[in-house]
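In my numbering, the protein residues as written are 269 to 398.
Built from N, CA and C at the ideal position, the CB exists for glycine as well.
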């Protein structure tokens, strides 16, 4: 199997996402909270949080594709923002499957701050492209 990295996803690479683990059962990653990913108050922007989760869920969905499928795309995503992460810190995330079917898969991603506090919970549905 090909090693999975953010280099395969240009936007994830631009954000600086570091993929630590990637399998059909779990995808884990880290993200340094850079000032250019923050709101005016120096807190990680909600869009960056969503993009981080989307990248991890997409990797899991890709690794779980049924035979003959050519790819996957996000169909729906819902984010619960639970806390903040300040510039200069690192957030970690893990994405795990809730459902893996022939036409869709659903992934849950938990993002936590350096001190172990929840930042967000994201649930996304990935469409299988045949």
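By the Cβ neighbour-count rule, residue 398 is exposed, with fewer than 16 other Cβ atoms within 10 Å of its own. Within the model, the alpha-carbon separation for residue 334 versus residue 309 is close to 43 Å. Assignment of residue 290 by DSSP, reduced to helix, strand and coil, places it in the strand class.
Counting only the Cα atoms, residue 373 lies some 5 Å from residue 394. Cβ-Cβ separation between residue 317 and residue 347: approximately 7 Å, consistent with a contact (criterion under 8 Å).
With contacts defined as CB atoms closer than 8 Å, residue 322 and residue 291 fail to qualify as a contacting pair. Where residue 340 is concerned, there is no enclosing alpha helix (DSSP H), although the beta strand (DSSP E) around it starts and stops at 339-349.
If the five residues before and after residue 298 are omitted, its C-beta is found closer than 8 Å to the C-beta atoms of 285, 286, 288, 358, 359, 360 and 361, all from its own chain and listed in chain order.
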